[in-house]
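See structure below.
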């Protein structure tokens, strides 16, 4: 999965509107999602799923240990694949609350 890059609006000075911190809030179709703001890592039932970097890029890289989560799921009927869907909002916050946080939707299917 390619890394997602945050882009600044046209006509702005590079770096002038860049948030200083990022977080990713998600609702999971199965399991429990938590984002650790110190590490910048999103966890699904204790397994790392995504990472938000200081530059705003996001890496989706589910841990191999998630096999435990999928093994515990009921197999879907009609040969469909098992999946977990994360419906997320990515937030970018500015230093000293100079501006309101910015946000963008993100959907991840594992």
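Residue numbers (our numbering): 2 to 111. For each residue, glycine too, the CB sits at the ideal point set by N, CA and C.
In this structure residue 106 is exposed. Its beta-carbon is surrounded by fewer than 16 other beta-carbon atoms within 10 angstroms.
Here residue 36 is bridged, per DSSP, to 43.
If you check the CB distance, residue 95 and residue 3 do not come in under 7 Å. Scanning its chain for C-beta atoms nearer than 7 Å, with the 5 sequence neighbours on each side dropped, one finds around residue 71 the residues 83, in chain order.
A residue is called buried once 16 or more other Cβ atoms fall within 10 Å of its Cβ, and residue 57 is buried on that count. For residue 70, the uninterrupted alpha helix (DSSP H) run begins and ends at 68-72, by DSSP. Rounded to whole angstroms, residue 60 and residue 28 show a C-alpha spacing of 18 Å.
Excluding its 5 nearest sequence neighbours in each direction, residue 87 has C-beta neighbours in its own chain below 6 Å: 27, 29 and 109, listed in chain order. Minimum Cα-Cα distance from residue 40 among the listed residues 11, 12, 54 and 48 corresponds to 54.
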